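Worksheet: one structure, shown below.
Protein chains: 2
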Amino acid sequence: MTVSVTIKDVARKANVSIATVSRVLNHKSNVSEDAVEAVNQAIKELGYSPNFLGRDLRKSETRRILAIIASTEQSFYSEVIRGMEETAMAKGYDVLIATTRDDPKHEMHLLGMLFSHSVDGAVLLGPKLDAKTISELAANHNLAMCLERLEGCKALTVTINNVQAGKDAVSYLINKGRRRIGLITTTQRAQSSVDRENGYRQALEENGIPYDPALVYYGTYGADSGTRGCKELMSLENKPDAIFAISDMLAIGAMNHALSEGIEIGKELLFFGFDDIQYSHIFIPHLSTVRQPCFMQGKLVIEKLIDNMKTDDPDRSLYMLPHSLILRETTGD
Amino acid sequence: MTVSVTIKDVARKANVSIATVSRVLNHKSNVSEDAVEAVNQAIKELGYSPNFLGRDLRKSETRRILAIIASTEQSFYSEVIRGMEETAMAKGYDVLIATTRDDPKHEMHLLGMLFSHSVDGAVLLGPKLDAKTISELAANHNLAMCLERLEGCKALTVTINNVQAGKDAVSYLINKGRRRIGLITTTQRAQSSVDRENGYRQALEENGIPYDPALVYYGTYGADSGTRGCKELMSLENKPDAIFAISDMLAIGAMNHALSEGIEIGKELLFFGFDDIQYSHIFIPHLSTVRQPCFMQGKLVIEKLIDNMKTDDPDRSLYMLPHSLILRETTGD
DNA sequence: TAAGTTCCTGAAAACAATTTCAGGGCATTA
DNA sequence: TAATGCCCTGAAATTGTTTTCAGGAACTTA
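Those protein sequences? They're chains Z and C, same order as listed.
Reading the first sequence from the start, the letters are residues 307 to 639 in my numbering.
Reading the second sequence from the start, the letters are residues 307 to 639 in my numbering.
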């Protein structure tokens, strides 16, 4: 391809040393006006832009942070990423995103960018690797987690209290007088799913409602799985009078079944979702759901991560940010 | 932070030269078994992983490609990115994603990664910069566009024929006997929007239906804008009997209005969307829409981009891949 | 005038890797 | 025995930048 122009060419053209060019590039004060002028002129004429590979090597920093997600499909991540980007940008960092496609091998490959100094830090949003592996990596590298905690993982983590959130949602349904509450969740056990399910059980227990395994449907992540779940739960002899789904996607799928059966949502059957995705208030009836502070989680994890870069005693705490219940038509609100 | 172990340390520990270590790292054949053994042992003991800043600088390549998108919100991009990733990976490249948040300044900043050799190539998915700027950049750098073409922009581009696609959708509605067809589009003039609108007009013209500006609603990208658009069109004295929206999001918003008014979708009023997003067959009634070959567009643009890296005579053609109509309930299918 | 400052400058080292080149050791061939 | 070839090795050059260090010039101060 085209041969690049280097700092050397600029120096030659401007009749100064490369040190002076570098000084101009980095806006150092100790350069004469004449030199600044000449260098900028040369840069413009040659169309020079510095090679960051050289710079990054010398400085041993890239000012780039990698966000590792499963895929860009869940638009739910977008606010988290915005929080990360805005915070990073304010501190002079760029955020790059890479996807694992749910493959732990590929996740490890992407983490290689961290080990090989291609980025200064990395954030895992919903890791597929196990707690032990991540703990070990986080001990030696600038690695954090966001949205998803890992039981027994000693790494900087920013998330919400999913147990409490699940409990809050189900308690709300109970306070609405419901006693038979279905749960639609997934077989793939992300910690957040497990936590939400535990919240569901705690809410039942505290209210003296016996746990009935028949009311729990384990499926996949897709909306169609929600539809199947609802169908199965509603074909029980002793039907549920409310359903808590661990994601809005599942809840919307579930509602599709209820709608097609002519079930009156919000009265006959209540629905509670999780995530407050965009479609939860586009889909009719509007879905009651748990909202996470996405932007704030992104913001906080980047702040802590960047702090960690500058210290020998990195923070490996677990931060839990407050969630909130969004009440809409599907709970009769 | 922690002080890194370098190739030098490995060499010392393994009692060989750094050249030999490098040869082992790169799986060169001309190294004795003993040396390979010793080096690998040292690597393991020291927990060494090579610093890519050094490697990339020396090799003048990063084997990384940057995909620049507006935001990760539109899940629609995810298939394109999957196509890009799978193709890139097969050729030994990684794909990184960065978001512009619709800011041309930030888009330019991200392109800086290309100029500064931080990545080997970049793909713009829906650029905010103008055709002239991009043409100039593409002349000197490995830059391509995907999903969106730019009128008069001389850069490698992979997209679909949006004029034809709009025309196909509207022609289908006309063939269903509809004569008053509304259009819901956006004021923000992405080329694809303009093209789809032109397709709409061509379809009308070819079928001898006069163009009525009252039937065209210009709004924003959100579903609520679709709702407003539908409300406005349906309050006309001479109501439409079909609506073509330039995105599924707008179509779903529009359908929300129709549903709330008790309008019989698929009979009284037909709907045609664009993109075939996931929700177009989750939302009820299922939406007829235009499907783009997302994966294939991602695949093709990466193939061509990588080809371009290896030649002095880069391909700057416009490739248009075939689209297809997905017929569902909203057109009475 | 001598000594000390301040300002600006360029040569060279440093960053961590790959690659080139020359040569030592050994076996094969004439 | 000498010449040739092959295998393996390490020293040194190379990549593009930043940074350190030493020093020249001009100016101030005693």
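Virtual Cβ for every residue (Gly too), placed ideally from N, Cα, C.
Since we're looking at a predicted model, the values are computed, not measured.
Inset, instruction - Check whether the Cβ of Z:Pro591 lies closer than 8 Å to any Cβ atom in chain C. - result: Taking Cβ atoms only, chain C never reaches closer than 8 Å to Z:Pro591, which makes this a no.
Legend entry - Touching by the beta-carbon criterion (3+ pairs, under 8 Å), the segment 401-411 of chain C and the segment 361-377 of chain C: Contact between the segment 401-411 of chain C and the segment 361-377 of chain C is present: three or more C-beta pairs spanning the two stretches fall below 8 Å.
Inset, instruction - Tell me where the beta strand (DSSP E) around Z:Ser523 begins and ends. - result: The identity of residue 523 of chain Z in the sequence shown is Tyr, whereas the question assumes Ser. Run containing Z:Tyr523: Val522 to Gly525, per the beta strand (DSSP E) assignment.
Inset, instruction - Could you name the residues of the segment 398-429 of chain Z whose beta carbon sits closer than 9 Å to any beta carbon of chain C, in the order they occur along the chain? - result: Of all residues in the segment 398-429 of chain Z, only Asp400, Val401, Leu402, Ile403, Ala404, Thr405, Arg407, His412, His415, Leu416, Gly418, Met419, Phe421, Ser422, His423 and Ser424 come within less than 9 Å of chain C when Cβ atoms are compared, listed by chain position.
Inset, instruction - Using a Cβ-Cβ cut-off of 8 Å, state whether Z:Pro628 counts as contacting chain C. - result: With its beta carbon at least 8 Å from every one in chain C, Z:Pro628 lies outside the interface.
Legend entry - Whole-Å CB distance - C:Arg364 paired with C:Gly398, under 8 Å assumed: Incorrect: roughly 17 Å between the Cβ atoms, too far for contact.
Legend entry - In DSSP terms, what C:Met626 is bridged to: Beta-bridge pairing links C:Met626 to C:Thr465.
Legend entry - Unbroken beta strand (DSSP E) run spanning Z:Arg370, endpoints: Arg370 to Ile375 is the extent of the beta strand (DSSP E) around Z:Arg370.
Inset, instruction - Answer with yes or no whether the minimum CB distance from Z:Asn357 to chain C is below 8 Å. - result: With 8 Å as the cut-off, Z:Asn357 counts as an interface residue toward chain C.
Inset, instruction - Spell out whether any CB of chain Z is found under 8 Å from the CB atom of C:Asn332. - result: It does not: the Cβ of C:Asn332 has no partner Cβ on chain Z nearer than 8 Å.
Legend entry - Given C:Pro519 as reference, the closest of C:Glu538, C:Glu567 and C:Asp340 once Cα atoms are compared: Ranking the options by Cα distance to C:Pro519, first place goes to C:Glu538.
Inset, instruction - Mind listing the chain C neighbours of Z:Leu363? Cutoff is C-beta to C-beta under 9 Å, in chain order. - result: Asn357, Leu359, Gly360, Asp362 and Leu363, listed in chain order.
Inset, instruction - Output, in chain order, the set of chain C residues within a Cβ distance shorter than 7 Å of Z:Ala529. - result: Going along chain C in sequence order, the residues near Z:Ala529 (Cβ under 7 Å) are Ile588.
Legend entry - Cut-off 8 Å between Cβ atoms - residues of its own chain near Z:Gln289, not counting five sequence neighbours on either side: Residue 289 of chain Z is absent from the model: chain Z starts at 307 and stops at 639.
Legend entry - chain C contact residues for Z:Tyr387, given Cβ-Cβ distances below 9 Å: One detail in the question is off: residue 387 of chain Z reads as Ile in this sequence, not Tyr. In chain order: Ser377, Thr378 and Thr405.
Legend entry - Nearest to C:Glu413 (by Cα), restricted to the options C:Asp426, C:Leu430, C:Asp400 and C:Val401: Residue C:Leu430 is the option with its Cα nearest to C:Glu413.
Inset, instruction - Could you confirm whether any beta carbon from chain Z is found closer than 8 Å to the beta carbon of C:Pro546? - result: Not one chain Z Cβ lies under 8 Å of C:Pro546.
Inset, instruction - Check whether the Cβ of C:Ser328 lies closer than 8 Å to any Cβ atom in chain Z. - result: So, not an interface residue.
Legend entry - Sequence-distant residues of the same chain with beta carbon closer than 7 Å to C:Arg622, five excluded per side: Around C:Arg622: Ala444, Lys460, Ala461 and Leu462.
Legend entry - Beta bridge counterpart(s) of C:Leu453 as assigned by DSSP: None, per the DSSP bridge assignment.
Inset, instruction - Run the CB neighbour count on Z:Gln347, radius 10 Å, all protein chains shown included, and call it buried at 16 or more, exposed below. - result: So Z:Gln347 counts as exposed.
Legend entry - Residue of Z:Ser566, Z:Asp315, Z:Arg388 and Z:Tyr523 minimising C-alpha distance to Z:Ile549: Considering only alpha carbons, the answer is Z:Tyr523.
Inset, instruction - Go through its chain and collect everything with a Cβ distance to C:Asp582's Cβ below 6 Å, but skip five positions before and after it. - result: Same-chain partners within the cutoff: Thr595, Arg597 and Ile632.
Inset, instruction - Output yes if chain Z places a C-beta closer than 8 Å to the C-beta of C:Glu457; else output no. - result: Closer than 8 Å: no.
Inset, instruction - Can you give me the Cβ contacts of C:Ala475 inside the same chain, cut-off strictly under 6 Å, excluding the 5 residues immediately before and after it? - result: Only Phe550, Phe578 and Val596 meet the Cβ criterion.
Inset, instruction - Write down every uninterrupted run of the alpha helix (DSSP H) in the segment 367-416 of chain Z whose length is 4 residues or greater and which is fully enclosed by it, in chain order. - result: With a minimum length of 4 residues, the continuous alpha helix (DSSP H) runs that stay inside the segment 367-416 of chain Z are 383-396.
Inset, instruction - Determine the closest residue to C:Glu392 out of Z:Asp409, Z:Ile387 and Z:Met390, with distance taken between C-alpha atoms. - result: The shortest C-alpha separation from C:Glu392 is found at Z:Asp409.
Inset, instruction - Run the CB neighbour count on Z:Asn357, radius 10 Å, all protein chains shown included, and call it buried at 16 or more, exposed below. - result: Under this definition Z:Asn357 is a buried residue.
Inset, instruction - Give every residue of the same chain whose Cβ lies closer than 8 Å to the Cβ of Z:Gln584, excluding the five residues on either side of it in the sequence, and list them in chain order. - result: Correct list, in chain order: Ser381.
Inset, instruction - From the DSSP output, read off the bridge partner residues of Z:Ser594. - result: Z:Phe578, per the DSSP bridge assignment.
Inset, instruction - Taking only beta carbons into account, state which residues of the segment 542-567 of chain Z come closer than 8 Å to chain C, listed in chain order. - result: Listed by position, the residues of the segment 542-567 of chain Z near chain C (Cβ gap below 8 Å) are Ile558, Gly559, Asn562, Leu565 and Ser566.
Legend entry - Cβ neighbour criterion (16 or more within 10 Å) applied to C:Gly353: C:Gly353 comes out exposed.
Inset, instruction - Determine the closest residue to Z:Arg495 out of Z:Ile487, Z:Arg485 and Z:Asn504, with distance taken between C-alpha atoms. - result: Z:Arg495 has its Cα closest to that of Z:Asn504, out of Z:Ile487, Z:Arg485 and Z:Asn504.
Inset, instruction - Give me whichever residues DSSP pairs with Z:Ile608 in a beta bridge. - result: DSSP output for Z:Ile608 lists no bridge partner at all.
Inset, instruction - Just grab the DSSP bridge partners of Z:Leu431 for me. - result: When DSSP reads this structure, Z:Leu431 sits in a beta bridge with Z:Cys452.
Inset, instruction - Could you please give the first and the last residue of the uninterrupted beta strand (DSSP E) stretch that includes Z:Ala551? - result: First-last of the beta strand (DSSP E) with Z:Ala551: Ala548 to Ala551.
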